[in-house]
Structure formats: structure tokens, C-alpha cells
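Residue numbers (our numbering): 85 to 334. One structure is given below, encoded as C-alpha cells.
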Ligand SMILES: Cc1cc2nc3c(=O)[nH]c(=O)nc-3n(C[C@H](O)[C@H](O)[C@H](O)COP(=O)(O)OP(=O)(O)OC[C@H]3O[C@@H](n4cnc5c(N)ncnc54)[C@H](O)[C@@H]3O)c2cc1C
């Protein structure tokens, strides 16, 4: 069955303080949405880098999430936004945090940066929607992807981040998600803790970079890509934080 023909699965809307995106929504629709440009810069940036124009015109959020690839760009952005997946079957509907939607598989010889995860979807279910909280005042987000080319580049690494600043520029909350560093995107809570309660100054940023780098080593230490990724992640996270700092000044 081709779910792409189901028009009801294609929507982007705001409802009761949440941003809701239908599983049939294409990446191009996400990039063109002013609601998402205002509320989810990191998701728009993530989707704008997927594949090529043709892939973005056809590929959907549902396909990207349900494929369960470690390097699915929308998934690291959704993870940073603490998004929830809504699944439906003839038996009813249920909701799962995107962060809990994937279970790693133990396959030693799989491709290091893009192992597949088991996706937490039953045979009779479809993903209908992904939703997350509408952004609050002084909340900013950014996403960066490390790839070999400008287009049609599989992610070597992705970073999505959402930060809420207080009046005094002290970080009130922070969510930092890594993609393509392990079997599925995940949040780096130890690095988030370094940032919360502090200003985004150089000392805090340096501590955060060291923490993320340590997590990369913990999670993919045995892989050949680790020496490269543990260093390059610092540059990517730095760029993301810089983008957030610039947005906060505008
Ligand atoms: C050349 C190329 C480059 C690419 N580059 C990138 C990239 O840079 N970044 C990136 O993240 N991805 C990339 N991809 C992957 C691609 O974007 C995803 O595979 C795409 O998101 C799939 O979307 P789709 O709608 O075509 O899904 P489909 O291919 O139609 O579906 C994929 C799987 O998900 C299932 N599925 C789809 N929708 C649902 C639903 N609503 N509920 C339940 N199951 C569902 C299908 O049954 C199928 O098993 C690339 C792919 C290609 C071919």
C-alpha cells in the first residue's frame, strides 16, 4: 500500500501549544513552512540538507522515521525537540517518544556510521504524526550535518540543539541530540547538564565540547571512525551553539 496517496497524513499545524506534522509531509513542505521556520529552525535546517531537491520533494517524515537509519536527519532534529510519534492501527492509537522508538541491534560488521535499529512499530501500525512543543519566547534551535558533499551526502554526523535562555542569558533548558554516532540518534544529557544554568560563554562551550567528545568515545570507541568523529563533533557542536547565539542576538 502506498501511504503517500493518503492526503490526511500530510499536514503541519499548531494545536494546543504543540506543533504537529503528519507522517506524509514531505521534507520540502517542512522547509517551506513558516510555522516551522518560526518554531523549529533545527528541523527545517535538517530537512533542507536531506538528499537532493528530488528526494526532498518525495521523501516524507514517516519514511525517514520508520526506516530507522542512524543517519536519518529528521530523527536527530526530532530527538532534540523531544518529539512524540503517534502510531495507529485498527486496535487504536498509541504515542512513543522518538528517543524511545528505536532499539539497537547487535551486528558487529554493519556499516559503522549507519547501522540500522529495530523500529518500535508493530506490523499492523502506521506512523500518523510526529509532534513537539511549540517554541517558547527566548527558545532557539539549530542543526548541522557533516557530510562529504553539499547534496546527496549521507550524514557522517549530525547535531541538533534546542536552547531556552533566561532574561540574563543564562541557559534555562537545553536539549542536544547526536545522529550517526551509534545506531540511532540520541540525546547527550551529560553535555546538556554542563550548559544548563550557565551562559553560553567560552568556558561553558569548551566543557560541553569535551563532554560530547567523551560520549562519542563511549558509544563508538571501538569503531574505526571514532578518532575522526570524537574531534569533528566538537566543531559541529560549536557551530550549532554559535548559530543559536547569533539567533538570540537578533
Ligand atoms: C539518493 C538518496 C539520498 C538520501 N539522502 C538522505 C539524507 O541526506 N538524509 C536522510 O535522512 N535520508 C536520506 N535518504 C533517505 C530518504 O530520505 C528516506 O528514505 C526517506 O525519508 C524515505 O521517505 P519515503 O517517504 O520515500 O519513504 P518510503 O521509502 O516510502 O518508506 C520507507 C519505509 O518506511 C515505511 N513507511 C513510510 N511511511 C510510513 C508510515 N507513515 N507509517 C509506517 N511506515 C511507513 C515504508 O513502508 C518503508 O518500509 C536518501 C535517500 C536516497 C534514495
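All C-beta atoms, glycine included, are put in the ideal place defined by N, C-alpha and C.
{"Asked": "Chain-order list of residues whose beta-carbon lies under 8 Å from that of residue 90 (same chain, five-residue window excluded)", "Found": "108"}
{"Asked": "Straight-line gap, residue 133 to residue 127 (C-alpha atoms, nearest Å)", "Found": "10 Å"}
{"Asked": "Those residues which DSSP pairs with residue 96 across a bridge", "Found": "105"}
{"Asked": "Residue 276 in three-state terms, based on DSSP", "Found": "helix"}
{"Asked": "Buried versus exposed call for residue 213 [16 or more other C-beta atoms within 10 Å across all chains shown]", "Found": "buried"}
{"Asked": "Cβ contact (3+ pairs, closer than 8 Å) linking the region 170-184 and the region 273-284", "Found": "no"}
{"Asked": "Closest residue to residue 100 among 216, 280 and 295 (Cα-Cα distance)", "Found": "216"}
{"Asked": "Burial state of residue 294, where buried means 16 or more other Cβ atoms lie within 10 Å", "Found": "exposed"}
{"Asked": "Sequence-distant residues of the same chain with beta carbon closer than 8 Å to residue 300, five excluded per side", "Found": "262, 265, 310, 313, 314 and 317"}
{"Asked": "Chain-order list of residues whose beta-carbon lies under 8 Å from that of residue 254 (same chain, five-residue window excluded)", "Found": "281, 282 and 283"}
{"Asked": "Proximity of residue 227 and residue 129 at Cβ, strictly below 8 Å", "Found": "yes"}
{"Asked": "Candidates 333, 117, 85 and 332: closest to residue 208 by CA position", "Found": "85"}
{"Asked": "Contact check, residue 204 vs residue 180, beta carbons under 8 Å", "Found": "yes"}
{"Asked": "Simplified DSSP assignment, three categories, for residue 315", "Found": "helix"}
{"Asked": "Residue of 117, 124 and 105 minimising C-alpha distance to residue 221", "Found": "124"}
{"Asked": "Cα-Cα separation, residue 246 to residue 150", "Found": "23 Å"}
{"Asked": "Other residues of its chain near residue 152: CB distance less than 8 Å, five sequence neighbours each side excluded", "Found": "186, 200, 201, 202, 203 and 268"}
{"Asked": "Pair within 8 Å by beta-carbon distance, residue 93 and residue 103", "Found": "no"}
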